[in-house]
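To start, the structure itself, in structure tokens.
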Amino acid sequence: MTVDEALPESRRKEVVRQGVSVGVATGLYGVSFGALSVASGLSVLQTQALSLLMFTGGSQFALVGIIGAGGSGTSAIATASLLGIRNGLYALQVSQFLKAHGPKRMLAAHITIDESTAVGIGQEEPAAQRIGFWVTGLAVLAGWNLMTFVGALAGNALGDPKTWGLDAAAAGAFCALLWPRLATGDGRAAAVLAAFIALLTIPLVPAGIPVILAAVAAVIVGCMAHGRHERGEDGLPGADPTP
Amino acid sequence: MNTWTTVLVACALAFVLKFSGFVVPARLLEGPRISRISALLPAALLSGLIVTQTFAGSDGRIVLDARLAAVGVAGILLWRKANFLVVVGAAAATAALLRLAGWS
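As structure tokens, this is what we get:
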């Protein structure tokens, strides 16, 4: 690879500021995760372990949501892992500009999430991409864990979670995570089909399984979109699979 | 499975998925159909989670209660471009107030 030109100081500061502000803003959501996790029956330590070691918000919310609803550990793990697949795809993109090896690469993998990838890819110069990725990832890691702890302690102090509507807060959090993914037609189709699958299977299978069955909607819509492409109807709204 | 096992296995798998992107050759995962399906997976799973968190009662019955109203409020706020924490807080408040008023 070519040697990067040094990044001007003003530009470096700009990228660092962007990463830190994303870290602070995202970290705040950690409060809701901490409170919901404890409300779902996890201990403060288990809650903190998830934020520190799993460190991918959607999967964490899904795991505690399914445990809280009485789903099996296996279905909770499966759903969290299916949601975590996208991080592997982000890592493919991040590895293009990040030249990290050994333990540094392990740390880079750990902080490969929506926010760090978005800020990294969003920069023009390779040096700025790397700074953006590292600063954002580490800032989110710090903020998310700190606020998870605050939320877990608060959740513990609240008592019965239903009195405070914390069970409904989980559904609200999933709505907020889903919302940006409804921008494309395929996203909307997958979401609607998944909702039907989940609704129809709730009475038939144990808790936690309807969510995994809902994942089939992504396969169906993904394959149908493929057919559309083959028939040359490209350029339909939402045909672009990129999130 | 005890909760600690669930937590730690899920954490390990989350890391494996992230790390795999750094070591697996890109072409293995870049087929158009595979990338379309994996791009749609979060939408499908989150939608499934919303439905189960909203409608599933104990012993697998479908229940209509304060959670449905909370999700409705969340949807309206998202449509009005509200912030994540506002949406989550309003959903909780809606359910809490309805329960205070005596509705399930």
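Residue numbers (numbering that gives the first Met the number 0), protein chains in the order written: chain U, 0 to 242; chain B, 0 to 103.
Heads up, the beta-carbon is just placed ideally off N, CA and C, and yes, glycines get one too.
Distance check between alanine 189 (chain U) and each of B:Leu40, B:Leu7, B:Phe18, B:Ala25 places B:Leu40 closest, using alpha-carbon atoms only. By the Cβ-count criterion, lysine 80 (chain B) is exposed, with fewer than 16 other Cβ atoms from all chains shown falling within 10 Å of its own Cβ. Under the three-state reduction of DSSP, alanine 9 (chain B) is assigned to helix. Contacts with chain B (Cβ-Cβ distance below 9 Å) from the region 124-152 of chain U involve no residue at all. In this structure, the CA atom of phenylalanine 21 (chain B) is about 15 Å from the CA atom of leucine 12 (chain B). Looking at the DSSP output, alanine 55 (chain B) shares a beta bridge with B:Ile61. Chain U places a beta carbon closer than 7 Å to that of arginine 35 (chain B), counting this residue as a contact. Judged by beta-carbon spacing, leucine 212 (chain U) lies within the 7 Å limit of isoleucine 196 (chain U), meaning their Cβ atoms are closer than that value. From the listed residues U:Gly26, U:Ser71, U:Ala24, U:Val218, the smallest Cα separation to valine 204 (chain U) is found for U:Ser71. Here threonine 4 (chain B) has no same chain residue with a Cβ atom under 8 Å from its own Cβ, once five neighbours each way along the sequence are excluded.
In this structure, U:Trp163 is the residue among U:Gly207, U:Trp163, U:Thr111, U:Ala61 with its C-alpha nearest to the C-alpha of glycine 88 (chain B). In the structure shown, isoleucine 75 (chain B) falls within a helical segment according to DSSP collapsed to helix, strand and coil. In the structure shown, asparagine 155 (chain U) falls within a helical segment according to DSSP collapsed to helix, strand and coil. Within the region 148-179 of chain U, those residues whose Cβ lies closer than 8 Å to any Cβ of chain B are, in chain order, Lys161, Thr162, Trp163, Gly164, Leu165, Asp166, Ala167, Ala168, Ala169, Ala170, Gly171, Ala172, Phe173, Cys174, Ala175, Leu176, Leu177, Trp178.
Under a criterion of Cβ atoms nearer than 8 Å, the residues of chain U adjacent to leucine 77 (chain B) are, in order, Cys174, Ala175, Trp178. Among the residues of chain B, none has a CB under 9 Å from the CB of valine 43 (chain U); the nearest is roughly 12 Å distant.
Along the region 76-114 of chain U, the alpha helix (DSSP H) occurs as fully enclosed runs of 4 or more residues at 101-109, listed in sequence order. Taking the Cβ atoms as the reference, isoleucine 36 (chain B) lies roughly 3 Å from glycine 221 (chain U), within the contact range of under 8 Å. A straight line joining the alpha-carbon of lysine 103 (chain U) with that of phenylalanine 18 (chain B) spans about 12 Å. With the criterion set as a beta carbon lying under 7 Å from some beta carbon of chain U, the members of the region 54-68 of chain B are Phe54, Ala55, Gly59, Arg60, Ile61, Ala65, Arg66, in sequence order. Distance between isoleucine 49 (chain B) and arginine 129 (chain U), taken at the CA atoms: about 35 Å. Under a 10 Å Cβ-count criterion, isoleucine 201 (chain U) is classified as buried, with 16 or more other Cβ atoms of the shown protein chains found around its own Cβ.
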